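Undergrad:
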Amino acid sequence: MSADARAPLDAPRRPRGRPPSRSWAFFTTVVEPQKLSSAVCRHCNELVHHRHKWGQARTHLMKCPQFLQLMDTIPANEKPEWFLAETSRRHHVGLSQPKKPTFVNSGFPTYQVSQDCTYAASPVSALTLLPPLTMETRDHLSGRRPLGRESRALEEKVAMHLFTTMSMEQIVDRRANLSYLTAALQTCGQEIGFPDPEKLMTELLDRCVEQVNQRVEAFFQAELLPATLLLDVTTTTTTTTTTTTTSDGTTARVVHYMTSSASFEKYPMYLESVVARNSEQERIDADWRATDVARVVDKLSHAVAGCVMACSSPESQQVRGLLEKKYPGMYFYGCMRDALWSLVCDIFTARGTSANQCDSVSMPFVQEMQRFALQCKDLTFFLPPSSDELTLDMAAESCKTVIHVSLTRRLTVEEAFFAILQAEAFLDNDTGLHAHLRAGSNGHDSGALSFAHDQATVGRLQTELIGVVRSSQFVQTLRKFLDVLRPVHKLLQSLDGGANATSLLLSEVRSCFSRLEQQYASSTRLLPEEKGVLQALVRQRQENIMGPAHHLAPLLDPVLLGGNLPVNTKADMEHKLVSSLRADGTSLSDVEKQVLRAQYMDFRKFAMSLKTSSKAETLGFRLSKERRLLPLQFWLTDGTRWPVLQTIACRVFVMPVCTVSSSRVFSEANVALRSLWQQSDFPSRDKLAYVRVNTHQLDVAETVGSSLAMETQKPQTEINTTDITASMVV
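194 is the number that full-length UniProt numbering gives to position 194 of the sequence shown; each next residue is one higher, with no gaps.
1) Taking the alpha-carbon of A701 as reference, which of A262, R152, C512 has the nearest alpha-carbon?
2) Would you mind sorting A222 into buried or exposed? The rule is 16 or more other CB atoms within 10 Å of its CB.
3) Could you name the residues that DSSP lists as bridge partners for E272?
4) Over what stretch of residues does the beta strand (DSSP E) that includes Y333 continue unbroken?
5) Where does A5 fall in DSSP's three states?
6) Run the CB neighbour count on S273, radius 10 Å, all protein chains shown included, and call it buried at 16 or more, exposed below.
7) Looking at R409: is its Cβ nearer than 8 Å to the Cβ of V402?
8) D232 bridges to which residues according to DSSP?
9) If you follow the beta strand (DSSP E) that L411 is in, where does it begin and where does it stop?
10) Would you call the segment 459-473 and the segment 521-539 in contact, with 3 or more CB pairs under 8 Å?
11) Which residues in the same chain have their Cβ closer than 8 Å to the Cβ of Q56, if we skip the five residues on either side of it in sequence?
12) Return helix, strand or coil for M546, following the three-state DSSP convention.
13) Does the segment 543-550 touch the segment 663-670, meaning 3 or more C-beta pairs lie closer than 8 Å?
14) What are the boundary residues of the alpha helix (DSSP H) that includes C650?
15) Where does Y270 land, buried or exposed, given buried means 16+ other C-beta within 10 angstroms?
16) State buried or exposed for K199, treating a residue as buried only when at least 16 other CB atoms are found within 10 Å of its CB.
17) If we ignore side chains and look at the alpha-carbon of each, how far apart do K299 and E210 end up?
18) Note down the Cα distance separating V308 from K400, rounded to an integer number of angstroms.
19) Distance, Cα to Cα, L537 vs T412?
20) Excluding the 5 residues flanking P566 on each side, which residues of the same chain have their C-beta closer than 8 Å to its C-beta?
21) Pick helix, strand or coil for R51, following the three-state DSSP scheme.
22) Measure the C-alpha to C-alpha separation of C311 and M363 and round it to an integer number of angstroms.
23) Whole-angstrom Cβ separation of V654 and P226, contact assumed at under 8 Å?
24) If you drop the 5 nearest sequence neighbours on each side, which residues of the same chain put their C-beta closer than 6 Å to that of A303?
25) Measure the Cβ-Cβ separation of S661 and E265 and say whether it is below 8 Å.
26) For D638, is the classification buried or exposed, using 16 other Cβ atoms within 10 angstroms of its Cβ as the cut-off for buried?
27) Answer yes or no: do V657 and V693 have a C-beta to C-beta separation smaller than 8 Å?
28) Q66: which of S609, N45, H550 sits nearest, CA to CA?
29) So, is K687 buried or exposed, given that buried needs 16 or more other C-beta atoms within 10 angstroms?
30) So, are the CB atoms of M201 and S684 less than 8 Å apart?
31) Could you say which of K490, E81, E86 lies nearest to K63 if we only look at CA atoms?
32) Please report the Cβ distance between L230 and T659, rounded to the nearest whole angstrom; I am assuming they are in contact, meaning their Cβ atoms lie under 8 Å.
33) Short check: CB of F426 to CB of L379, under 8 Å?
34) By Cβ distance below 6 Å, which residues in the same chain neighbour H444 in space, the five residues on each side in sequence not counted?
35) Under 6 Å Cβ to Cβ from Y520, same chain only, skipping five residues before and after it: list those, please.
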């Protein structure tokens, strides 16, 4: 037998049974729906139990309003044949059936003869499809009620709108006015039953938290660099400590956890808040704080380089020591802004404490400074409410401490600090007197003072302060205390994060404290004893925040190269750099240490050649020297030639100098701290704060963009360095 004769025998056999109908595509998007007993209609999203039969699906389509509306919009030649046949059949069936009898006043049934009976059946193309009798006319005309997943999505979007725009009190206390929002949705043809407050603050809140959490995780997963955990402590009352009294009579501190990335350092993401209460069952000590930080670290799904935490509490160093033992592959150090505010508090209250918390430092002029700050506070009453560049946006909680200057007068450390700085306007006696004191309060005429003080009181205060300003000791005392406070204020301005803030690098922290000591030592208005006390306070606050990252950063800075470190300290830090650990805390092998040492020496040689080149300074070095090219940007672009060292340097320089003020973050997102944690339903309010803060931060970050001018990285060498971290064994 020939090959041509055998060919038909090799062809695949036709499957048994009837072929599946091609009309299923008009009903659903599911592949092979005839093999299922039910499917979702592609037009109305309703689940239809068709029991493997096309006839059941066709019956549903002939009743589906969305499908019938679709058929009305297309010409007759494009309509499916089964639809035309079914429409024609129903039309003829309707003509052949007798009309329903209607009753007239005579009480006898009569039949209303339709005019359609005298004419032949009109063509199918001339028919107008009417909605089924079971469909409500209002739904057909004004819109449809969302069903299934569409209704769930609409409900979540409405809840997200409420969570991000309305205050917590309005949502929780059921004072939300939703009438206009309801009318707007009805105008668009959507009907939704707004949930009650209980469902809004439970089920819908959890669903919105999950949505925001997915956005936050995607935000950090898109980052090439590890994030930084930020820990801030706040209170909402002005007390003598950083604790406050809760409703049940116990003391508590609110710890706020945030995490930030190097690309969006000013827009951290909020994690959670914890109310730490001292009780008989649980004592809030260093072990408790370290355990709580470890709980948050273990819960994070993205890589974290380290943690920056508030350092005003005495046990902060002990907490960091416990965390360094548990996580040797991470950095832990204190916030520089918090250290500077603590220094201001030490100066005004004479309660500076050394690193071992045993030796007290006595400030010689503390009483004189407090009384002078009270006089300056009275002077600031007459200063105009101008755009003062002295005032910082946020102060640390340590500066809420109250100073009892006299039996009837008291000030907070923050008020005393800014009062002396603002009194600089009165250094020129004649100009200050005529510009401010002669004009009245706040730079206006005295007639505007009736709402605050009577005329006689203001007059006596003016006379008294004129005598104070004209005294021979006023200018001398003011200049002396300005020498004490102005350098600290200048550093705080660089860390404030406002428009006038400058970028302070981690490699410059040690030199900033050293420069502050030198400024106190070179002052001609301070006594030797006063200089010694101030320098001791500066050293104490420096030791209280310093960590391994502060020692490594100057070595890896391409401009400094460890030049601001003492010789012994520099040699010790270079030895610890070579002894870096992996991410799991294990030590490097001898070969890896040799590679790391060789790359570090080559990096120093490269950086020194840029500084000592006979040619003019290169553009890259000039940008680095002027701090227009940050060390992190240098290591991301030029550091690829030293891959092992690059991994360590990037993990060092991604971390900020200080933590972001949680008060500012909450304020920008319109979250009231007092209403957040001084309520019994704190977990629900904390979830609401999570949704509101992170939604605001994500929207702003997407609009502003990355703060790092990221360039295309050069290809890595064959050395595998993904497991080497910037952690040091101290």
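Cβ atoms here follow ideal geometry from the backbone N, Cα and C, with glycine treated the same way.
The structure displayed is predicted, hence computed values, not measured ones.
TA: According to the data block:
1) A262
2) So A222 ends up on the exposed side.
3) Y257
4) 331-334
5) Low confidence applies to A5: its pLDDT is 46, below 50, so where it sits in the model is not reliable, and the reading given next is rough at best. Reduced to three states, the DSSP call for A5 is helix.
6) Only buried fits S273, as 16 or more other CB atoms lie within 10 angstroms of its CB.
7) no
8) H256
9) Start and end: 410-412.
10) In short, these stretches do not touch, since the Cβ pair count stays below three.
11) V48, H49, H50
12) coil
13) Touching, no, given that fewer than three Cβ pairs across the two stretches are closer than 8 Å.
14) 643-653
15) Sixteen is the threshold: when 16 or more other Cβ atoms of the shown chains lie within 10 Å of the Cβ of Y270, as they do, the residue is buried.
16) exposed
17) 15 Å
18) The alpha-carbon atoms of V308 and K400 are separated by roughly 21 Å.
19) Roughly 20 Å separates the two Cα atoms.
20) none
21) coil
22) 21 Å
23) V654 to P226, Cβ: 6 Å. Contact.
24) Annotation for A303: P226 place their beta carbon closer than 6 Å to its own, counting only its chain and skipping 5 residues before and after.
25) no
26) buried
27) no
28) N45
29) buried
30) Going by C-beta atoms, M201 is nearer than 8 Å to S684.
31) E86
32) 4 Å
33) yes
34) In this prediction, H444 has a pLDDT of 42, which is less than 50 and means its spatial position is unreliable; what the coordinates show is noted afterwards. If we look at H444 and ignore the five residues flanking it on each side, it has no Cβ neighbours.
35) K531, L534, Q535
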